[in-house]
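Structure first, then comments.
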Amino acid sequence: MSKFDTYFLMKVEDAKAYALEKLPDFGWDEATVQVKEIGDGNLNYVFRVWDDKGHSVIVKHAGEQLRISADMRVSTDRNRIESEILMIQDKFAPGSVPKVYMYDTVMCACIMEDLSDHRMMRYAMMDHEIFPRFADDITTFMVNTLLQTTDVTMEHKEKKAKVKSFINPELCEITEDLVLMEPYNDINGRNLVFPPNKEFVQKELYDDKKLHLEVAKLKFHFMNNAQALLHGDLHTGSIFIKQDSTKVFDPEFAFYGPIGYDVGNVIANLVFAWDNGRAYQEKEFCDWALKTIADVVDLFKVKFLKAFDEKVTEPMAKVEGFKEYYLDTVLADTAGYTGTELHRRTVGMAQVKDVTTIEDERKRALAERINILLGKELIMNRDKFKTGQDYLDALKRAADKAREDYHG
Ligand code: SR1
Ligand code: MG
0 MSKFDTYFLM
10 KVEDAKAYAL
20 EKLPDFGWDE
30 ATVQVKEIGD
40 GNLNYVFRVW
50 DDKGHSVIVK
60 HAGEQLRISA
70 DMRVSTDRNR
80 IESEILMIQD
90 KFAPGSVPKV
100 YMYDTVMCAC
110 IMEDLSDHRM
120 MRYAMMDHEI
130 FPRFADDITT
140 FMVNTLLQTT
150 DVTMEHKEKK
160 AKVKSFINPE
170 LCEITEDLVL
180 MEPYNDINGR
190 NLVFPPNKEF
200 VQKELYDDKK
210 LHLEVAKLKF
220 HFMNNAQALL
230 HGDLHTGSIF
240 IKQDSTKVFD
250 PEFAFYGPIG
260 YDVGNVIANL
270 VFAWDNGRAY
280 QEKEFCDWAL
290 KTIADVVDLF
300 KVKFLKAFDE
310 KVTEPMAKVE
320 GFKEYYLDTV
330 LADTAGYTGT
340 ELHRRTVGMA
350 QVKDVTTIED
360 ERKRALAERI
370 NILLGKELIM
380 NRDKFKTGQD
390 YLDALKRAAD
400 KAREDYHG
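Following numbering that gives the first Met the number 0, the numbering of the sequence shown begins with 0 at its first residue and continues without gaps.
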């Protein structure tokens, strides 16, 4: 009998006992084992357990209530989904995610590799640190994990079994509400609109019926296109980084959905980093952020087409012209979901510190207006965004227009 035979919400001392009990052969120096809660996300509890002999792990534990709001409850099955997708991603993109040492559907916890020698990418970029190999690393990760979980490369019955296993209705509902609805109607009254932009948000997001139609299309596409096994929440708070290494973590929103949702999340969160660099006049950082946005799009395309040729197994996917058609649909989705991520992080309940910590009120308001205008162009003209330069041109147009209107 163990106290971990029945689920309860672990506190720090429980997490220490848990790591010792579940990893008895890890070589722990029990006398020196320490534990600290280091969770920074909206949903879970994250404990670091370590000893003086260099052993360390992360215990990630799902609570029944979300940390961001006690009113929001989601299934603790998200911990199983996260552990299983990490193992799949490690197979297709070796070394790009933390190693999972064990997971446990009773305590809804997993024990994984400690990446404390990396930094969370969002915070590193808020210090305006530059990561020259990020675009290459993240595009390799996305192409390898996404394309190899599609019907283009997988045996179809096996793929359908995976779709079933990664049904993630409650976490998807969070995205369907927070990303693909509330920024446009505040139907649940929980948006956080920066007061200087109240009228701007009303006009540009809440009152724009044509925009609502396009977002409605993107919402139902998100819900109905089981294209690939997505990370599902691929923002820069889900990436640990150092100069020579990029590790993706926190895939609890994983499900089978449109590839462009993951790619769009990466691009939008690079725009938030650029917003911050711009507000603090960090030119070198901003140049890198812009180049990285463009490189993510362009490298993704090149690697996607190459991997398609190498990995495709489905005869009809080999039909001439299909590969280019398929990539075009992914690129249009990428633009659309970059737009929705830009909007929801600017006015929705889960915002990003890159923008909210900009101290100068006018600079923050301007950054938010740029995000809103850029997001609209990406959504409304999503089939026209084919290259990295297309994104940079649209960002410049949005920045020029926001500045003209606001004199920031
Ligand atoms: C209620 S959870 C809010 C947000 O945090 C997660 O990281 C997802 O991005 C979600 O939308
Ligand atoms: Mg998260």
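Even for Gly, the Cβ is constructed at its ideal location relative to N, Cα and C. Quick caveat, the model's predicted, so the values are computed rather than measured.
Where residue i falls: helix, strand or coil (DSSP)
| i | result |
| --- | --- |
| E36 | strand |
| Y17 | helix |
| I84 | helix |
| D114 | Here the sequence assigns Leu to residue 114, which means Asp is not the residue at that position. Of the three classes helix, strand and coil, the one that applies to L114 here is coil, per DSSP. |
| Y6 | coil |
| I292 | helix |
| K163 | helix |
| C107 | coil |
| Y279 | coil |
| M124 | helix |
| L229 | strand |
| M348 | coil |
| M119 | strand |
| G26 | coil |
| K218 | helix |
| H406 | coil |
| G387 | helix |
| L326 | helix |
| H211 | helix |
| T138 | helix |
| M379 | helix |
| H234 | coil |
| M315 | helix |
| N187 | coil |
| D364 | For clarity, residue 364 is Ala in the given sequence; the question names Asp instead. Helix. |
heavy atom of the ligand SR1 below 7 Å from residue i C-beta
| i | result |
| --- | --- |
| E174 | First, the residue type needs correcting, since residue 174 is Thr and not Glu in the sequence shown. T174 Cβ: within cutoff of the ligand SR1. |
| A61 | no |
| A306 | no |
| M71 | yes |
| I67 | yes |
| L269 | no |
| A225 | no |
| A393 | no |
| L85 | no |
| A364 | no |
| L177 | yes |
| A349 | yes |
When the options are compared against residue i, the one with the closest alpha-carbon
| i | options | result |
| --- | --- | --- |
| T235 | H117, K305, K197 and V99 | H117 |
| C107 | A398, E360 and E83 | E83 |
| K449 | V45, L19, P182 and C285 | Any question about residue 449 goes unanswered here, given that the chain covers just 0 to 407. |
| F254 | D243, K158, G387 and G374 | K158 |
| F384 | A349, V329 and A272 | V329 |
| G263 | M120, F248, P195 and A334 | A334 |
| E81 | S1, V32 and H230 | H230 |
| A409 | N196, L228 and V318 | Past the edges of the chain, shown from 0 to 407, lies residue 409, and the structure says nothing about it. |
| I67 | C285, A331 and M348 | M348 |
| K362 | D382, R343, Y390 and A401 | A401 |
| F284 | E36, T149, D103 and P131 | P131 |
| K35 | W49, T144 and R344 | W49 |
| M124 | N224, A61 and F271 | F271 |
| R277 | T31, H127, D28 and G40 | H127 |
| D76 | A398, L42 and S95 | L42 |
| M120 | K352, R396, E403 and L204 | K352 |
| E112 | S74, D103 and V96 | V96 |
| K298 | F7, T138 and V99 | According to the sequence as given, residue 298 is Leu; it is not Lys. Per the Cα distances, T138. |
| P314 | C109, D13, V151 and G188 | V151 |
| W27 | I37, Y279 and K15 | K15 |
| E309 | V142, E251, L228 and H220 | V142 |
| A427 | D382, H406, Y405 and L377 | This structure does not reach residue 427, given that the chain is present from 0 up to 407, and the question cannot be answered. |
Identified DSSP bridge partners for residue i
| i | result |
| --- | --- |
| W49 | Q33 and S55 |
| Q64 | R72 |
| Y44 | H60 |
| K246 | F239 |
| Y102 | C109 |
| G256 | A227 |
Proximity test, residue i beta-carbon vs the ligand MG heavy atom, cut-off 7 Å
| i | result |
| --- | --- |
| D399 | no |
| L217 | no |
By C-beta, the residues closer than 7 Å to any heavy atom of the ligand MG, given in chain order: Spelled out in chain order, the answer is G40, N41, L42, D232, G236, S237, D249 and E251.
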